[in-house]
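Participant: Using our numbering, you'd call the opening residue of the sequence shown number 7 and step up by one each time. We put the beta carbon where it would ideally sit given N, CA and C, even for glycine. I'd like to ask some things about the structure below.
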Amino acid sequence: MDSYYQPRALEKHADSILALASVFWSISYYSSPFAFFYLYRKGYLSLSKVVPFSHYAGTLLVLLAGVACLRGIGRWTNPQYRQFITILEATHRNQSAENKRQLANYNFDFRSWPVDFHWEEPSSRKGSRGGPSRRGVALLRPEPLHRGTADTFLNRVKKLPCQITSYLVAHTLGRRMLYPGSVYLLQKALMPVLLQGQARLVEECNGRRAKLLACDGNEIDTMFVDRRGTAEPQGQKLVICCEGNAGFYEVGCVSTPLEAGYSVLGWNHPGFAGSTGVPFPQNEANAMDVVVQFAIHRLGFQPQDIVIYAWSIGGFTATWAAMSYPDISAVILDASFDDLVPLALKVMPDSWRALVTRTVRQHLNLNNAEQLCRFQGPVLLVRRTKDEIITTTVPEDIMSNRGNDLLLKLLQFRYPRVMTEEGLRAVRQWLEASSQLEEASIYSRWEVDEDWCVSVLRSYQAEHGPDFPWSVGEDMSVDGRRQLALFLARKHLHNFEATHCTPLPAQHFQMPWCL
C-alpha cells in the first residue's frame, strides 16, 4: 500500500463515538437476560418507568444518527475517501484485474467488497442434482439416541421440551463457547492485530483477498498467497488452512505452510472477521465447499495438488472436505480430536450429561473421526504432548488426548485385521510415551522391521488394490500384527512437544506418509 488512509478530525471523533456505542450495545445485548431479570425483580418494568426510559433511548438514537451524519460529512470532504469510493463503485461495475488491484490497497468494511466467486459458478454445478442446494451440502447425520423406538406423535410431543432446550442452549451459550472467535467483543479487541496480519499478508506475501458466496448466502473472507512462480517445488501445491475456534487467517495457522514455501489459501469461519453468518456445522461445511471450489475452478489447482491442513476445531471442515473431495492429495490435522461430545462433557457439570450429549449430537455434531474414515488418501496427525484443550483430564495425562482416539479409529477402520487386541495394546503403549526417547524404546522393544512392514503392505496393495479397509494381517502371527500396528501408528501420528496454541514450526510441517 502506497499510503494509509488518514481520516480528518470530524470523521475520526465521530467514528470513535460510534465505535464506543457499538461496544456498549454488544455488552447490553449479551447481558440483556440478566438485566431484564434484575429490572423485573426491582419492579422497573412497569409502564410508568418504561415510558420515560424510552424517551431517553429515543433521544440517544437521534444523537447517534446525528453523529453518523457528521462522520459522513467528514468522509465526503476528504479527497482520499472520495477516491476510494470511486474505485469501489468502479469495481462493482467492472471487476477487472486493475480495479481489484487498486481496491486491494484499501482496508474497509468487507460487507462492501464485491463478490469474487459464487458457489454456482462452476459449470458442472448448474442444474446438477448431485451438488449442494441452497439448504446446504450433505453432512453425515447422527444415529437416533434411542434406536428402535417408534416415532409416534406422542413420543414427538414428549421429546419437544428437550429439543427446544437443546436448540436454545446451542444457539445461545453453546455456539459462543464452541466458537469464541465469533463473539463481537473478542473480534473488536483483536481488530488491530487482525489488520496488521492482513496487511503483512498483502504487502510482504503478495496475498490476494477474495469474497466467496456460499450456497447458504454467507460471504466467506479468504486470502490466497500464490507461490507457483517461485523456484521452490512445493509452491506448486496449495495448502488450504482451516483455523481453530478463535483463529483467523490473518494471525492463524497459515504462517506454517507459508514459511515452508507452499501456496496457501486461508479463510475465516462464518461469523469471524469479514465472513458473515454463524459457525454451525452446516454453515462450516457450506463455507468449506465454496473454498475448495474456488481453489479448483478459479485458482486453477487440481484436486491432486491440494492439501488440507487444519488446527484444532478446524479438523471438522478439513475431514468434511476430505470425505467430499476424495481426490485431494492429503490431510494434515494438528491438535485435533475425534468427536466433540467427550470434550463438551469435560467442561460441563455431570448433571447436564444428557442435555450436553443431545445438544451436541443435534446441533454441534463435530464428528471428525467418522468423516476422516471416509477418506482414502494419506493422513498425518500431529499430537501436542502438553495439550491442555483436547485432553479430557489434565495436560500431563497424554492418554486422555483425543488425538489418540482419532488415530485409533482411523487405523481400526483402515486395518481392522492388524488392529486386533494385540495390535491395539501395542499402539496404546506407544501412545503413552511422552518423549522421543520413550517412543523409540517401545518401538525397538517390539523389534519393528520397517522394510518387512513396507513389503507386506505393498504386496497386499498390488494384489487387492488401494481401497480401504484392508484385510492385511488376517493370516499373520501375533508378533507380525504388533509390528505392523506400531509401524502404521508411527507413520500416521507425529508428536510435537508443545501446548495447544503454540504455532507449529515449519520444520514440523511434513507431507503424510504413503506407500
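1) Just tell me which of Arg-99, Gln-308, Tyr-315 and Leu-53 has its CA closest to the CA of Met-294.
2) Measure the alpha-carbon distance for Met-425 versus Leu-417 and round it to whole angstroms.
3) Taking DSSP as the reference, what is the three-state secondary structure of Gly-72?
4) Under the three-state reduction of DSSP, which class applies to Met-4: helix, strand or coil?
5) Compute the Euclidean distance between the alpha carbons of Trp-273 and Ile-23, then round it to the nearest angstrom.
6) Using CA atoms only, rank isn't needed, just tell me which of Gln-435, Leu-271 and Cys-259 is closest to Leu-218.
7) By a C-beta neighbour count over all protein chains shown, 10 Å radius and 16 as the cutoff for buried, is Cys-379 buried or exposed?
8) Could you please give me the residues that DSSP links to Tyr-44 through a beta bridge?
9) On the DSSP letters alone, give me the boundaries of the alpha helix (DSSP H) that Leu-94 sits inside.
10) What's the gap between the Cα of Val-297 and the Cα of Arg-141?
11) Please name the residue in Arg-233, Thr-236, Arg-234 and Arg-214 whose C-alpha comes closest to that of Ile-227.
12) Is it buried or exposed for Ala-25, if we count other Cβ within 10 angstroms and need 16 for buried?
13) Sorted by chain position, which residues of the same chain lie with C-beta nearer than 8 Å to Thr-545's C-beta, five sequence neighbours on each side aside?
14) Cα separation between Ala-328 and Tyr-44?
15) Starting from Arg-215, trace the alpha helix (DSSP H) in both directions and tell me its first and last residue.
16) Classify Arg-389 as buried or exposed, calling it buried when 16 or more other Cβ atoms lie within 10 Å of its own Cβ.
17) Along the beta strand (DSSP E) that carries Phe-502, what are the first and last residues, could you check?
18) Residues bridged to Asn-407 by DSSP?
19) What ranges does the beta strand (DSSP E) occupy inside the stretch 213–300, keeping only unbroken runs of at least 3 residues that lie completely in it?
20) Expressed to the nearest angstrom, what Euclidean distance is found between the alpha-carbon atoms of Leu-70 and Gly-250?
21) Rounded to the nearest angstrom, what separates Cys-221 and Pro-120 at their Cα positions?
22) Decide if the stretch 473–489 is in contact with the stretch 237–247; the criterion is three or more beta carbon pairs, one per stretch, under 8 Å apart.
23) Per DSSP, what kind of secondary structure is Gly-180 in: helix, strand or coil?
24) Below 8 Å on the Cβ atoms is my guess for Leu-387 versus Leu-412; work out the distance and round it to an integer in Å.
25) Express the C-alpha separation of Leu-443 and Pro-511 in angstroms, rounding to a whole number.
26) Measure from the alpha carbon of Ala-341 to the alpha carbon of each residue in Thr-365, Thr-505, Lys-164 and Asp-473, then state which is nearest.
27) Give the C-beta separation of Phe-300 and Phe-116 to the nearest angstrom, bearing in mind that I take them to be a contact with Cβ-Cβ under 8 Å.
28) Pull up the CB-CB distance for Thr-391 and Glu-503, whole angstroms please, since I reckon it's below 8 Å.
29) By how many angstroms is the C-alpha of Pro-348 removed from the C-alpha of Ala-360?
30) Starting from Ile-312 and walking both ways along the beta strand (DSSP E), at which residues does that stretch end?
31) Work out the CA separation of Val-366 and Ala-384 for me, nearest whole Å.
Facilitator: A quick look at the data gives this:
1) Residue numbering aside, residue 294 sits at position 288 when the sequence shown is read from its first letter. The residue with the shortest Cα to Cα distance from Met-294 is Tyr-315.
2) Translated into positions along the sequence shown, residue 425 becomes position 419. Translated into positions along the sequence shown, residue 417 becomes position 411. If I take the Cα positions, the gap works out to 7 Å.
3) As a first step, residue 72 must be located in the sequence shown, where it is residue number 66. Helix at Gly-72.
4) Shown here, the chain extends from 7 to 521; a query on residue 4 therefore has no answer.
5) Residue numbering aside, residue 273 sits at position 267 when the sequence shown is read from its first letter. Residue numbering aside, residue 23 sits at position 17 when the sequence shown is read from its first letter. Trp-273 and Ile-23: Cα-Cα distance of roughly 31 Å.
6) As a first step, residue 218 is located in the sequence shown; it is residue number 212 there, counting from the start. The residue with the shortest Cα to Cα distance from Leu-218 is Leu-271.
7) Taking the first residue of the sequence shown as position 1, residue 379 is located at position 373. Buried, by the Cβ-count rule.
8) Against the sequence shown, residue 44 aligns to sequence position 38. BP columns for Tyr-44 are empty, so no partner.
9) For the purposes of this step, residue 94 is taken as residue 88 along the sequence shown, with counting starting at 1. First-last of the alpha helix (DSSP H) with Leu-94: 85–99.
10) For this step, residue 297 is matched to residue 291 along the sequence shown. For this step, residue 141 is matched to residue 135 along the sequence shown. Near 17 Å, if we compare the C-alpha coordinates of Arg-141 and Val-297.
11) Within the sequence shown, the letter at position 221 stands for residue 227. Residue identity differs from the one stated: residue 227 is Asp in this sequence, not Ile. For the residues Arg-233, Thr-236, Arg-234 and Arg-214, the minimum Cα distance to Asp-227 belongs to Arg-214.
12) Counted from its first residue, the sequence shown places residue 25 at position 19. Exposed, by the Cβ-count rule.
13) This structure cannot settle anything about residue 545, because the visible part of the chain is limited to 7 through 521.
14) Position 322 of the sequence shown, counting from 1, holds the residue named residue 328. Position 38 of the sequence shown, counting from 1, holds the residue named residue 44. Their Cα atoms are separated by approximately 49 Å.
15) Within the sequence shown, the letter at position 209 stands for residue 215. It is not in any alpha helix (DSSP H) - Arg-215 instead sits in the beta strand (DSSP E) that spans 214–219.
16) For the purposes of this step, residue 389 is identified with residue 383 of the sequence shown, where counting begins at 1. That one is buried.
17) Mapped onto the sequence shown, residue 502 falls at position 496. It spans 499–502 - the beta strand (DSSP E) in which Phe-502 sits, taken as one unbroken run.
18) Against the sequence shown, residue 407 aligns to sequence position 401. Bridge partners of Asn-407: Thr-397.
19) 214–219, 225–231, 244–248 and 269–273
20) By one-based count along the sequence shown, residue 70 stands at place 64. By one-based count along the sequence shown, residue 250 stands at place 244. If I take the Cα positions, the gap works out to 36 Å.
21) Sequence index remark: in the sequence shown, residue 221 carries index 215 (1-based). Sequence index remark: in the sequence shown, residue 120 carries index 114 (1-based). Cys-221 and Pro-120: Cα-Cα distance of roughly 17 Å.
22) no
23) Reading the sequence shown from its first residue, position 174 is the one you call residue 180. Gly-180 falls in the helix class under three-state DSSP.
24) Working through the sequence shown from its first residue, we reach residue 387 at position 381. Working through the sequence shown from its first residue, we reach residue 412 at position 406. Confirmed, Cβ separation roughly 6 Å.
25) Here residue 511 is taken as the residue at index 505 of the sequence shown, counted from 1. Here residue 443 is taken as the residue at index 437 of the sequence shown, counted from 1. The alpha-carbon atoms of Pro-511 and Leu-443 are separated by roughly 21 Å.
26) Along the sequence shown, one-based indexing puts residue 341 at 335. When only C-alpha atoms are compared, the closest one is Thr-505.
27) Position 294 of the sequence shown, counted from the first residue, corresponds to residue 300. Position 110 of the sequence shown, counted from the first residue, corresponds to residue 116. Not confirmed; about 16 Å, so no contact.
28) For the purposes of this step, residue 391 is identified with residue 385 of the sequence shown, where counting begins at 1. For the purposes of this step, residue 503 is identified with residue 497 of the sequence shown, where counting begins at 1. Contact flag correct, Cβ pair sits at about 5 Å.
29) Residue 360 sits at position 354 when you count from the first residue of the sequence shown. Residue 348 sits at position 342 when you count from the first residue of the sequence shown. Those two C-alpha atoms are separated by around 12 Å.
30) Counted from its first residue, the sequence shown places residue 312 at position 306. Unbroken beta strand (DSSP E) run through Ile-312: 312–317.
31) Here residue 384 refers to the residue found at position 378 of the sequence shown. Here residue 366 refers to the residue found at position 360 of the sequence shown. Checking the sequence shown, residue 384 turns out to be Pro, not Ala. If you take the alpha carbons of Pro-384 and Val-366, they lie about 29 Å apart.
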